[in-house]
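Visitor:
4 protein chains.
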Amino acid sequence: MAIVLGPNRYGKAETRLVRVHRDGETHALVDLNVSVALSGDLTGTHLTGDNSGVLPTDTMKNTVYAFAKEHGVGEPESFALLLGRHFVNTQPQVHTAKVSIESYAWDRLGPHSFQRRGDHTRTTVVTVTGDAAQVVSGVTGLVLLNSTASEFHGFVRDRFTTLPEATDRILATAVDAHWRHLADAADWGASFEGALDALKTAFVETYSYSLQQTLYAMGRRLLEQRPEVAEVRLALPNKHHYLVDLSPFGLDNPNEVFIAGDRPYGLIEGTVTRDDVPPALTEWWL
Amino acid sequence: MAIVLGPNRYGKAETRLVRVHRDGETHALVDLNVSVALSGDLTGTHLTGDNSGVLPTDTMKNTVYAFAKEHGVGEPESFALLLGRHFVNTQPQVHTAKVSIESYAWDRLGPHSFQRRGDHTRTTVVTVTGDAAQVVSGVTGLVLLNSTASEFHGFVRDRFTTLPEATDRILATAVDAHWRHLADAADWGASFEGALDALKTAFVETYSYSLQQTLYAMGRRLLEQRPEVAEVRLALPNKHHYLVDLSPFGLDNPNEVFIAGDRPYGLIEGTVTRDDVPPALTEWWL
Amino acid sequence: MAIVLGPNRYGKAETRLVRVHRDGETHALVDLNVSVALSGDLTGTHLTGDNSGVLPTDTMKNTVYAFAKEHGVGEPESFALLLGRHFVNTQPQVHTAKVSIESYAWDRLGPHSFQRRGDHTRTTVVTVTGDAAQVVSGVTGLVLLNSTASEFHGFVRDRFTTLPEATDRILATAVDAHWRHLADAADWGASFEGALDALKTAFVETYSYSLQQTLYAMGRRLLEQRPEVAEVRLALPNKHHYLVDLSPFGLDNPNEVFIAGDRPYGLIEGTVTRDDVPPALTEWWL
Amino acid sequence: MAIVLGPNRYGKAETRLVRVHRDGETHALVDLNVSVALSGDLTGTHLTGDNSGVLPTDTMKNTVYAFAKEHGVGEPESFALLLGRHFVNTQPQVHTAKVSIESYAWDRLGPHSFQRRGDHTRTTVVTVTGDAAQVVSGVTGLVLLNSTASEFHGFVRDRFTTLPEATDRILATAVDAHWRHLADAADWGASFEGALDALKTAFVETYSYSLQQTLYAMGRRLLEQRPEVAEVRLALPNKHHYLVDLSPFGLDNPNEVFIAGDRPYGLIEGTVTRDDVPPALTEWWL
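Quick note, the sequences are listed as chains A, B, C and D, same order. Quick note: the first sequence uses this note's numbering, first residue 1, plus one each step. Quick note: the second sequence uses this note's numbering, first residue 287, plus one each step. Quick note: the third sequence uses this note's numbering, first residue 573, plus one each step. Quick note: the fourth sequence uses this note's numbering, first residue 859, plus one each step.
Pasting the structure below:
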């Protein structure tokens, strides 16, 4: 019953890069948080501290900054692919590179002036193994709310169930969604904007009997509208809004005054997929 | 040398209120975080645990929710004044009420559908003492960046100074600004939007030799454009963006590739005021 | 190419439970954060909003509180198993229950007085599927530092490598470790304390040539000392401490003055396992 | 009605310093977060961007690191005084220096091995003006809980009061306390430990009828035991623990099962002082 090294990887996390592209008087801004993780033949450093196969994480950071100058930074998916392929192609002991990028959007206020948006974060996770690559795009921190058109009833009741049935409630969530591409998109930016629009539109248009139903509708809509996407995975916290009992004060409360709760919260997680897509290059759920 | 009770106050902090106003099919959403602090004759509870003058903080929370129904919630300044006056007028032992509100903006996606904005938080701090009231409005979390038109040189050099002079740098900050009103505004919402616009415009238009200069320009612009405001106080973190030295890689870096730093950061704080305004009802700086 | 529902689950996250056990004058305190996720036959609610198979997440919360009274709360692993088995055994449509618990430790100050410790969080993730159960214990937020006995050199150098070789550096990390049990422990508390001690002792006693080497030593030590554990997975951020260049001020700096960096940070992740253990009931890495 | 510059200051915030003191094989660790703010004659930089009176905030950071080497770092109060006096004495245009330090404690695991404690943060705020100095010491993040010996009743009831009277409840808080010294302490470390012990002991020993009563007892105890302290200011959130109603499940709940709430929370703030102390050098409340 020997003790052995199992799966492992290492890298540099959260390299914060701001890239200014100057086109005369008018500047463009790219604001990224880049994390790199490499795996391959790393037994030596684990077992004996032999670092002859270890590219320093400091070098990964330098590579991010140098590539931002040499190649510019366009869509985060492209930049992640460029980085991932570089590490796999130049380091023989590295078999797989995972490059994760968070992108922060800024609104333009002037030729060289910007205001950070803050309404969502665009994400990319690219995995490169040998000649193959897998691109997952996504969004986090997108907070949506319907103030009606949401019901919840007909559920299981057991000894511990006290929840009343609801025929009109607030439905709110902070969308965390990630979708795997079938192949490189012609235009990653347009693909992302289209996917984001599909998620938002489905949330708005779905008359909901459960957050699960809304989740499925959001994933389905995204797949319907984006043929370049293989599957989508969503984690939707149910951000509960509790109706306040105002009867002690002689007031009714016809779905007007709510407590916005912090914890606990529901958490609904699910995948919507196509029945004929090739399997993922690497497991990427959670 | 007796030990005695000094200044004190108590209240309920961070009551989270979502108020839906229903106008037929079309809903409007108000999303607030309300904190109340009362002071007055509270010696008994401190010295002996005699609570006969203590209105429970739970009651303050209930009052927030009940008032949201009874009176609706319009501009946060008005709602804070309503609450503050209620506590001072109905509790004789309470001499001063401070009501602080954070307001979170949502963009409309449909008649009853909304997306949280996240680009700034609107704040209000109202102090009511007897018949007098002081209203401070403000903004936090407004992140602005100029990618050029910022220099910093001509500063003091001592033994510990290594900073090179800069003739072109990124200037970025997260605006935290609060302004005291001379009197009740005719339209608190228009006043806030005008103040926000003044701050942003001055940041964009000021060719800056120091963040202090930009701070003063922002405060001055706000006072010029909003006659209803007595003074403005700003705390501006200097969110440093460090130019990356790419010369080891044979690359130049003409203000294109930056590290977005976390800590340490500069912190510039200042007041811009009118030379003839009445003093504040209560000290409100910090 | 039909669109179909893939893997999914739902539950209540972050139910905050404080349980006081009163033994006469002397009280004991258990402080937990409990999350439940159920999966099984949930197609109806996703596709049509038919909730006839949905036990409300509100009921899960109620069950946590009711069980805390009915059964008391001992070791978190036992409490998680109790909850997980309850959901699988009483809800035929539920095939798998995952119960995750964070435990916060308090030091005793008196018979009924406590101070929160804050030096680490104990974690448990229990998965129950049919008659089988898998128990993973762990720790997060355990911050360790060696101020010497750490080197890093002999690594790969490429075009982007500028890192100097180090023969004396600070090694610091925030331990995030999770270990899968082979079977129910006789004493979960003793098992956890023993595992924690193994991790800390290995960190202290390992003269380190890389954080990977320290990671492997920590995992190996845990397995050597805890025969009830099948494998351990560690995620160790390399919390960089940068030596300050004081030469501009005419000062040397023989490893005495450091900048504690925030971002970026290294991230070293790895598994240490036994070569003959049965496979995990469900994938649990990440 | 001219627009003019009002009070202002600037500095470097959150310089993270780790100082290793090496005494042969045995190392000692000091882990600080240092913020500096200077005020004085800074009109030029605000009005015209003339920086001839501005010591860069980058220099303040350098000074922190250089002083850590030149002078070592003992008690944070001493280090803050050293820094504050340096800026006021060497920069004629600087009239006041405020140096704020957070100190993070580590437990020893070996001659050069440490574990971060995390149970509280020690704070220091030193203000130097000309030849005068004011030292404020403090603590934040100290979480205390009594599981009984706390009541709350006899309070005011108005139309919005629904809170039942409590004769046995949990009392919990996260202590934020700051105390002003009459003069330099002979031993800042012993003074801090004594003050911390006084706060904790008073919390434990006070049978409480309100958190205000406990606050006053904590402040009074500190002043009784530390004659070097002029006054103490406390901000105590009332971390509510709500008794769960288990009656729907046929269970009673004699103060055993609680929900640990996040928001809203009570917030009790107060000062305990001596009736004959000299006034503060600068206002320091909040």
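Glycine residues also receive a C-beta, built at the ideal position from the N, C-alpha and C atoms. Small disclaimer: the values here were computed from a predicted structure and weren't measured.
(1) According to the Cβ coordinates, are H467 of chain B and S147 of chain A closer than 8 Å?
(2) Tell me whether R867 of chain D is buried or exposed, calling it buried when 16 or more other Cβ atoms sit within 10 Å of its Cβ.
(3) Any idea which residues DSSP pairs R159 of chain A with across the strands?
(4) Should L529 of chain B and T500 of chain B be called a contact, given that it needs their Cβ atoms to be closer than 8 Å?
(5) Let me check understanding here. Comparing Cα to Cα, which of A:L144, A:V136, A:L251 and A:N51 lies closest to L315 of chain B?
(6) Return the residue from the list C:P736, C:K772 and C:R688 that minimises the CA-CA distance to F972 of chain D.
(7) Is the number of C-beta pairs between the region 806 to 823 of chain C and the region 833 to 852 of chain C that are closer than 8 Å three or more?
(8) Check distances from the C-beta atoms of the region 592 to 624 of chain C to those of chain D and list, in chain order, the residues that come in under 8 Å.
(9) List, in chain order, every chain D residue whose beta-carbon is nearer than 9 Å to that of I456 of chain B.
(10) Between N634 of chain C and chain A, is any beta-carbon pair separated by less than 8 Å?
(11) Which ranges does the alpha helix (DSSP H) cover as unbroken runs of at least 4 residues, wholly within the region 87 to 121 of chain A, from first to last along the chain?
(12) Quick one: does V986 of chain D have its CB under 8 Å from some CB of chain B?
(13) Please list, in chain order, the chain C residues whose beta carbon lies closer than 9 Å to that of L913 of chain D.
(14) Exposed or buried, which one is N348 of chain B when buried takes at least 16 other CB atoms within 10 Å?
(15) Considering only the beta carbon of each residue, do S709 of chain C and W678 of chain C sit closer than 8 Å?
(16) Just to confirm, is the Cβ distance from R1121 of chain D to E300 of chain B under 8 Å?
(17) Can you give me the C-alpha to C-alpha distance between F727 of chain C and L5 of chain A, rounded to a whole angstrom?
(18) Could you check what DSSP says for N253 of chain A in three-state terms: helix, strand or coil?
(19) What's the gap between the Cα of T167 of chain A and the Cα of T998 of chain D?
(20) Would you kindly work out how many angstroms separate the C-alpha atoms of S958 of chain D and T376 of chain B, rounded to a whole number?
(21) Buried or exposed for T854 of chain C, going by 16 or more other Cβ atoms inside 10 Å?
(22) Run through chain D and tell me which residues come within less than 7 Å of A789 of chain C, C-beta to C-beta.
(23) Does the region 500 to 517 of chain B come within contact of the region 527 to 543 of chain B, defined as at least 3 CB pairs closer than 8 Å?
(24) Would a C-beta distance cut-off of 8 Å place G976 of chain D and D691 of chain C closer than the cut-off?
(25) Nearest CA to the CA of E674 of chain C: which residue from C:F651, C:G625, C:R729 and C:H643?
(26) With the cut-off set at 8 Å, would you say L1041 of chain D and V590 of chain C are in Cβ contact?
(27) Under a Cβ-count criterion, where at least 16 other Cβ atoms within 10 Å of its own Cβ denotes burial, should G869 of chain D be classed as buried or exposed?
(28) In whole angstroms, what is the alpha-carbon distance linking V359 of chain B and S1105 of chain D?
(29) Note down, in chain order, every chain D residue with its Cβ under 8 Å from the Cβ of F659 of chain C.
(30) Between the Cα of R22 of chain A and those of B:V563, B:N541, B:E361 and B:Y551, spot the shortest distance and give me the residue it belongs to.
(31) Answer with buried or exposed for E1023 of chain D, where buried requires no fewer than 16 other C-beta atoms within 10 angstroms of its C-beta.
(32) Does the beta-carbon of T629 of chain C have 16 or more other beta-carbons within 10 angstroms, so that it is buried, or is it exposed?
(33) For L163 of chain A and R157 of chain A, I'd like the C-alpha separation in whole angstroms.
(34) At a cut-off of 7 Å, would you count R295 of chain B as near the ligand ZN, judging by its Cβ distance to the nearest heavy atom?
(35) How long is the line joining the alpha carbons of A97 of chain A and V175 of chain A, rounded to whole angstroms?
(36) Run through chain B and tell me which residues come within less than 8 Å of R731 of chain C, C-beta to C-beta.
Guide: Concretely, from the data shown:
(1) Position 181 of the second sequence, counted from the start, is the residue given in the question as residue 467 of chain B. Position 147 of the first sequence, counted from the start, is the residue given in the question as residue 147 of chain A. Not closer than 8 Å, so no.
(2) Looking up residue 867 of chain D in the fourth sequence gives position 9. It is buried - the Cβ of R867 of chain D has at least 16 other Cβ atoms within 10 Å.
(3) Taking the first residue of the first sequence as 1, we reach residue 159 of chain A at position 159. Paired residues: none, contrary to the question.
(4) Taking the first residue of the second sequence as 1, we reach residue 529 of chain B at position 243. Taking the first residue of the second sequence as 1, we reach residue 500 of chain B at position 214. No, they are not a contact pair.
(5) Reading the second sequence from its first residue, position 29 is the one you call residue 315 of chain B. Checked all of A:L144, A:V136, A:L251 and A:N51; the closest Cα to L315 of chain B is A:L144.
(6) Counting from one through the fourth sequence, the residue named residue 972 of chain D turns up at place 114. Of the listed residues, the one whose Cα sits closest to F972 of chain D is C:K772.
(7) yes
(8) V592, H593, R594, H599, L601 and D603
(9) Residue numbering aside, residue 456 of chain B sits at position 170 when the second sequence is read from its first letter. Those within 9 Å of I456 of chain B in chain D number zero; the least Cβ separation is about 15 Å.
(10) Numbered from 1 along the third sequence, position 62 holds the residue referred to as residue 634 of chain C. Chain A contact via Cβ: present.
(11) None, since the region 87 to 121 of chain A contains no complete alpha helix (DSSP H) of that length.
(12) For the purposes of this step, residue 986 of chain D is taken as residue 128 along the fourth sequence, with counting starting at 1. Not an interface residue.
(13) Here residue 913 of chain D refers to the residue found at position 55 when the fourth sequence is read from its first residue. Chain C residues near L913 of chain D: none, gap ~15 Å exceeds 9 Å.
(14) By 1-based counting over the second sequence, the position of residue 348 of chain B is 62. With 16 or more other Cβ atoms within 10 Å, it is buried.
(15) Here residue 709 of chain C refers to the residue found at position 137 of the third sequence. Here residue 678 of chain C refers to the residue found at position 106 of the third sequence. Not closer than 8 Å, so no.
(16) Position 263 of the fourth sequence holds residue 1121 of chain D. Position 14 of the second sequence holds residue 300 of chain B. Yes; because the gap between Cβ atoms is below 8 Å, this pair is in contact.
(17) Mapped onto the third sequence, residue 727 of chain C falls at position 155. Mapped onto the first sequence, residue 5 of chain A falls at position 5. For F727 of chain C and L5 of chain A, the distance between alpha carbons rounds to 20 Å.
(18) The residue you call residue 253 of chain A lines up with position 253 of the first sequence. N253 of chain A falls in the coil class under three-state DSSP.
(19) Against the first sequence, residue 167 of chain A aligns to sequence position 167. Against the fourth sequence, residue 998 of chain D aligns to sequence position 140. Spanning the two alpha carbons is a distance of roughly 46 Å.
(20) Locating residue 958 of chain D in the fourth sequence gives position 100, counting from the first residue. Locating residue 376 of chain B in the second sequence gives position 90, counting from the first residue. Rounded to whole angstroms, S958 of chain D to T376 of chain B spans 41 Å at the Cα level.
(21) Sequence index remark: in the third sequence, residue 854 of chain C carries index 282 (1-based). Result: exposed.
(22) For the purposes of this step, residue 789 of chain C is identified with residue 217 of the third sequence, where counting begins at 1. Here the premise fails: no neighbours, minimum Cβ distance about 14 Å.
(23) no
(24) As a working mapping, residue 976 of chain D is identified with position 118 in the fourth sequence. As a working mapping, residue 691 of chain C is identified with position 119 in the third sequence. Their beta carbons are under 8 Å apart, which means G976 of chain D touches D691 of chain C by this criterion.
(25) Here the question's residue 674 of chain C lines up with position 102 in the third sequence. Taking only the C-alpha atoms, the option nearest E674 of chain C is C:F651.
(26) Walking along the fourth sequence from the start, residue 1041 of chain D turns up at place 183. Walking along the third sequence from the start, residue 590 of chain C turns up at place 18. The sequence as given places Ala at residue 1041 of chain D; Leu does not occur at that position. Result no, Cβ atoms of A1041 of chain D and V590 of chain C do not sit closer than 8 Å.
(27) Numbered from its first residue, the fourth sequence carries residue 869 of chain D at position 11. With a threshold of 16 other beta carbon atoms within 10 Å, G869 of chain D meets it and is buried.
(28) Residue numbering aside, residue 359 of chain B sits at position 73 when the second sequence is read from its first letter. Residue numbering aside, residue 1105 of chain D sits at position 247 when the fourth sequence is read from its first letter. A straight-line Cα-Cα distance of about 36 Å links V359 of chain B and S1105 of chain D.
(29) As a working mapping, residue 659 of chain C is identified with position 87 in the third sequence. By Cβ distance, chain D contributes nothing, its closest Cβ being about 16 Å from F659 of chain C, past 8 Å.
(30) Walking along the first sequence from the start, residue 22 of chain A turns up at place 22. Looking at the Cα atoms, B:N541 is the closest of the given residues.
(31) Along the fourth sequence, read from residue 1 onward, the residue named residue 1023 of chain D stands at position 165. Around the beta carbon of E1023 of chain D, fewer than 16 other beta carbons lie within 10 angstroms, which makes this residue exposed.
(32) Within the third sequence, numbered from 1, the residue matching residue 629 of chain C stands at position 57. Buried.
(33) Counting from one through the first sequence, the residue named residue 163 of chain A turns up at place 163. Counting from one through the first sequence, the residue named residue 157 of chain A turns up at place 157. Their Cα atoms are separated by approximately 9 Å.
(34) Within the structure as shown, the ligand ZN is missing, as the structure has no ligands at all.
(35) Here residue 97 of chain A refers to the residue found at position 97 when the first sequence is read from its first residue. Here residue 175 of chain A refers to the residue found at position 175 when the first sequence is read from its first residue. Their Cα atoms are separated by approximately 27 Å.
(36) Taking the third sequence and counting its residues from 1, one reaches residue 731 of chain C at position 159. The answer, in chain order, is F535.
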